[in-house]
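Here the protein sequences come in this chain order: A and B. To convert, count from 1 in the first sequence and add 2; that's our numbering. To convert, count from 1 in the second sequence and add 4; that's our numbering.
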Amino acid sequence: MDHMMGYRRPDGSVGIRNHLLIIPTVICANQVCSRIMQLVPETVAIPHQHGCSQIGADKQRTFDVLAGTGKNPNVGGVIIISLGCEVIDPHELAEAIRPTGKLVEVFDIQSVGGSVKAIQYGTELAKKMRAQLDAMTPEPIPFSELIIGVKCGGSDATSGLASNPALGQAADLLIAEGGGVVIGETTEIIGAEHVLAARCATSETADELYHIVGRFEKEVERMGADMRGGNPSPGNIAGGLTTIEEKSLGCISKCGTAPIQGVIEYAEDIPRHGLYFMDSPGNDIECVSGMAAGGAHLVCFTTGRGTPTGSAVVPVIKITGNKRMYERMTDNMDVDVSDMLAGTLSLEEAGQRIWQEIREVAGGKLTKAEILGHTEFSINRIGPSL
Amino acid sequence: MAGPIEAGADALVMDAKDHVATAIKDLQAGDTIAFRIGDEVKQLTLLDPIPFGHKVAIADIPAGTDIRKYGEVIGRTTADIRAGQHVHVHNVEGIRGRGDQAQSAG
Chain A
3 MDHMMGYRRP
13 DGSVGIRNHL
23 LIIPTVICAN
33 QVCSRIMQLV
43 PETVAIPHQH
53 GCSQIGADKQ
63 RTFDVLAGTG
73 KNPNVGGVII
83 ISLGCEVIDP
93 HELAEAIRPT
103 GKLVEVFDIQ
113 SVGGSVKAIQ
123 YGTELAKKMR
133 AQLDAMTPEP
143 IPFSELIIGV
153 KCGGSDATSG
163 LASNPALGQA
173 ADLLIAEGGG
183 VVIGETTEII
193 GAEHVLAARC
203 ATSETADELY
213 HIVGRFEKEV
223 ERMGADMRGG
233 NPSPGNIAGG
243 LTTIEEKSLG
253 CISKCGTAPI
263 QGVIEYAEDI
273 PRHGLYFMDS
283 PGNDIECVSG
293 MAAGGAHLVC
303 FTTGRGTPTG
313 SAVVPVIKIT
323 GNKRMYERMT
333 DNMDVDVSDM
343 LAGTLSLEEA
353 GQRIWQEIRE
363 VAGGKLTKAE
373 ILGHTEFSIN
383 RIGPSL
Chain B
5 MAGPIEAGAD
15 ALVMDAKDHV
25 ATAIKDLQAG
35 DTIAFRIGDE
45 VKQLTLLDPI
55 PFGHKVAIAD
65 IPAGTDIRKY
75 GEVIGRTTAD
85 IRAGQHVHVH
95 NVEGIRGRGD
105 QAQSAG
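Laid out in structure tokens, this is it:
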């Protein structure tokens, strides 16, 4: 396969999926959004806990993640549903998404007349918009327009030995095609930041990397706890990982060997070409949601312990180097590179296997997480609730 | 990476500077395992059972040593560790992100 299949958006961006996204601006609108998703096939809602009692940078982060998810090129149309009295302004949110040129509709539950009427109104709207999206045809697009996130979760010793270095090979292949790669998980480069800093394209980027890691580590220290048990998690420890440093050194190989061109904020637009670092937590759902909000088309996710994580708007490819887990959780895994540890699959072959899967998924093949309907979504939070 | 992984290997050493090998099979106390460091194949008799994915010391390591895997420091030993013993949270602690120590220190 020498191209992917994409939907060219009016702003020039390209989606490898054509989702109709239903965004609640606030937790109070979650139920209405989830019911519409259940009633109209091929729609996806992103219920979340935020949108009210938030101020300053915390409110801005919620706004940016909701707007970014709406702007993700895999989304063809957006319905924004507000309660009507929250701090996130639904019309401002719509204005942030409209420059993409995609279909955007907004209404609030209080004006429409309560939950039942809002579900009826939203269902009719969703059916009409879905029909418009279904009339669109994907076209062949070069891989140079693809942006992938690389993530690991539920790690064990096999992650650092096999699946992460193999994913790194695939990341290098995409960058060689002219595409973009984003790596995140600031918490999970603690103890390995010097290795990544040495690969930064400029000294400013290296300084920024040290700065964000230092800030995260101070925050952990302020909580007064040894990281162990939180990160590495109990599952990581059971899988043989002893410290955050060991985990980090295993994590970083998943982004390959290209120079790091810059550090971007959580949910910030990801540049289209080359490798970037997104300042984000290691938490699987918050990190993947931040990458999706930044415009990643798909996420490659390595795991040794096994995790079903998907995303509301991006396909998530699961890759493992742990044969026992692969056999136990085949339902959730897309790519098995565990033969690397048996010595019968080379690093280069494993990288090619992942690259092939990336190309097929970008060409329309569904991931296990998509087949199973995993649409996890979570917004990283900065401040307390008021 | 330490280069190609050999078929049938028991444990992997990632870098010549490493103090530990990672078991890629469930290994029992008393087993003699072979592992490769660069071009050299070494043998070691295990003093503890080493589960798949866990680490075994390939040299005697005194308490208080900065311990290496991937050629980089992954933490510090909290006890004397003998070659062949299990290396994990009971005898190694992280150095970074230690809020417990930051508070007791200040």
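All C-beta atoms in this analysis are idealised placements derived from N, C-alpha and C, irrespective of residue type, glycine included. Values in this document were obtained by computation on a predicted structure and should not be read as measured data.
With 16 as the cutoff for other CB atoms within 10 Å, does E44 (chain A) come out buried or exposed? exposed
So with Cβ pairs under 8 Å, would you call V222 (chain A) a contact of chain B? yes
In the DSSP assignment, find the unbroken alpha helix (DSSP H) run with C289 (chain A) in it and report its ends. 286-295
Measure the beta-carbon distance from Y212 (chain A) to A199 (chain A) and round it to whole angstroms, keeping in mind my assumption that it falls under 8 Å. 6 Å
How about G345 (chain A) and A11 (chain B): do their beta carbons lie closer than 8 Å? yes
Answer with buried or exposed for V106 (chain A), where buried requires no fewer than 16 other C-beta atoms within 10 angstroms of its C-beta. buried
Indicate the three-state DSSP secondary structure (helix, strand or coil) for V315 (chain A) in the structure shown. coil
Mind checking whether A159 (chain A) and G353 (chain A) have CB atoms under 8 Å apart? no
Spell out the partners DSSP gives L300 (chain A) in its beta bridges. A:I150
Where R11 (chain A) sits in the DSSP three-state scheme: coil
Give me the Cα-Cα distance between S165 (chain A) and L300 (chain A), rounded to the nearest whole angstrom. 17 Å
Indicate whether the contact test is met: 3 or more Cβ pairs, each with one atom in the region 140-157 of chain A and one in the region 167-185 of chain A, closer than 8 Å. yes
Does K61 (chain A) come out as helix, strand or coil in the three-state DSSP assignment? helix
I need the DSSP call for E107 (chain A), collapsed to helix, strand or coil. strand
Let me confirm a value: Q56 (chain A) is counted as buried when at least 16 other C-beta atoms fall within 10 Å, else exposed. Which label applies? buried
Residue(s) in a DSSP beta bridge with F279 (chain A): A:I185, A:V265
Proximal residues to G20 (chain A) (C-beta, below 7 Å), its chain only, five neighbours per side dropped: Reading off the sequence shown, one finds Asn at residue 20 (chain A), where the question assumed Gly. Around N20 (chain A): Y9, G78, L135, M138.
Quick one: does A106 (chain B) have its CB under 8 Å from some CB of chain A? yes
Do F303 (chain A) and C154 (chain A) count as a contact pair if the criterion is CB distance below 8 Å? yes
According to a CB-to-CB cut-off of less than 8 Å, which residues of the region 340-368 of chain A neighbour chain B? M342, L343, A344, G345, T346, S348, L349
Comparing the C-beta of G101 (chain B) with each C-beta of chain A, is any distance below 8 Å? yes
Can at least three beta-carbon pairs, one atom from the region 80-100 of chain A and one from the region 109-129 of chain A, be found at a separation below 8 Å? yes
Note down, in chain order, every chain B residue with its Cβ under 7 Å from the Cβ of A227 (chain A). G103, D104
In angstroms with no decimal places, state the Cα-to-Cα distance between H50 (chain A) and L50 (chain B). 50 Å
I384 (chain A) and R63 (chain A) look like a contact to me (Cβ under 8 Å); what is the Cβ gap, rounded to whole Å? 6 Å
Out of curiosity, what's the CA-to-CA distance linking E195 (chain A) and I214 (chain A)? 10 Å
Within 8 Å of any Cβ in chain A, is that where the Cβ of T26 (chain B) sits? yes
Where the beta strand (DSSP E) through V46 (chain A) begins and ends: 45-47
L169 (chain A) lies in the alpha helix (DSSP H); which residues open and close that run? 166-178
V17 (chain B): contacting residues in chain A (beta-carbon distance under 8 Å): Correct list: empty, because the minimum Cβ distance to chain A is about 11 Å.
Check the Cβ-Cβ distances between H92 (chain B) and every residue of chain A, and say whether any is below 8 Å. yes
Comparing the C-beta of I192 (chain A) with each C-beta of chain B, is any distance below 8 Å? yes
Would H93 (chain A) be called buried (16 or more neighbouring beta carbons within 10 Å of its own) or exposed? exposed
Classify K320 (chain A) as buried or exposed, calling it buried when 16 or more other Cβ atoms lie within 10 Å of its own Cβ. buried
Three-state secondary structure (DSSP) of C30 (chain A): helix
Between which two residues does the beta strand (DSSP E) carrying P101 (chain A) extend? Unbroken run through P101 (chain A): none, as it is neither H nor E.
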